[in-house]
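Participant:
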Amino acid sequence: MTLQEWKSEVSRLETFFKEPPILIKEYQNGYSVIHDIPRFIEFHLASAGANAGNLWFERYIKRLQELEEAIRNQI
Numbered sequence: 001m002t003l004q005e006w007k008s009e010v011s012r013l014e015t016f017f018k019e020p021p022i023l024i025k026e027y028q029n030g031y032s033v034i035h036d037i038p039r040f041i042e043f044h045l046a047s048a049g050a051n052a053g054n055l056w057f058e059r060y061i062k063r064l065q066e067l068e069e070a071i072r073n074q075i
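Numbering (full-length UniProt numbering), first residue to last: 1 to 75.
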């Protein structure tokens with residue numbers, strides 16, 4: 001993922017997580033259970049945004065993408 005793609009994806013995810021109401025109360029992503037979804041989103045967006053281009057933090061984007069998919073499937 002290029003730096004520009006990284007920044008675009010973080011921006012897209014920020015927009016997505018501002019819009020739809022999150023109906024799920026808890027999210028299990030295969031390796032952990034997230035009880036405080038808004039806090040998870042806030043932390044991951046901040047970490048991914050502040051560390052743009054650092055591949056160690058790409059996992060934060062991937063986790064947000066997984067959560068996005070779960071939210072889209074809640075409908």
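Quick reminder that beta carbons are idealized off the backbone N, C-alpha and C, glycines included.
No experiment lies behind these values; they were computed from the predicted model shown.
Run the CB neighbour count on LEU23, radius 10 Å, all protein chains shown included, and call it buried at 16 or more, exposed below.
Facilitator: To locate residue 23, count along the sequence shown from 1; it is residue 23. Classification for LEU23: exposed.
Participant: My output table needs one value for GLN74: the three-state DSSP class, helix, strand or coil.
Facilitator: Looking up residue 74 in the sequence shown gives position 74. Correct three-state label for GLN74: coil.
Participant: With a threshold of 16 other CB atoms inside 10 Å of the CB of ALA48, please say whether the residue is buried or exposed.
Facilitator: Indexing the sequence shown from 1 puts residue 48 at position 48. By the 10 Å Cβ count, ALA48 comes out buried.
Participant: In or out: TYR60 buried (at least 16 other Cβ within 10 Å) or exposed?
Facilitator: The residue given as residue 60 occupies position 60 in the sequence shown. When all chains shown are included, TYR60 counts as buried.
Participant: What residues are listed by DSSP as bridge partners for VAL33?
Facilitator: As a working mapping, residue 33 is identified with position 33 in the sequence shown. According to DSSP, VAL33 bridges with GLN28.
Participant: Drop a sphere of 10 angstroms on the beta-carbon of VAL33, count the other beta-carbons inside from all chains shown, and report buried for 16 or more, exposed for fewer.
Facilitator: In the sequence shown, the residue the question calls residue 33 occupies position 33. Burial call: exposed.
Participant: Provide the residue span of the alpha helix (DSSP H) that contains THR2, from first to last.
Facilitator: Numbered from its first residue, the sequence shown carries residue 2 at position 2. Counting along the chain, THR2 falls outside any alpha helix (DSSP H), and DSSP gives it neither H nor E.
Participant: Can you grab the Cα-Cα spacing for the pair GLN74 / ALA52, in whole Å?
Facilitator: Residue mapping note: residue 74 aligns to position 74 of the sequence shown, counting from 1. Residue mapping note: residue 52 aligns to position 52 of the sequence shown, counting from 1. One C-alpha to the other measures close to 29 Å.
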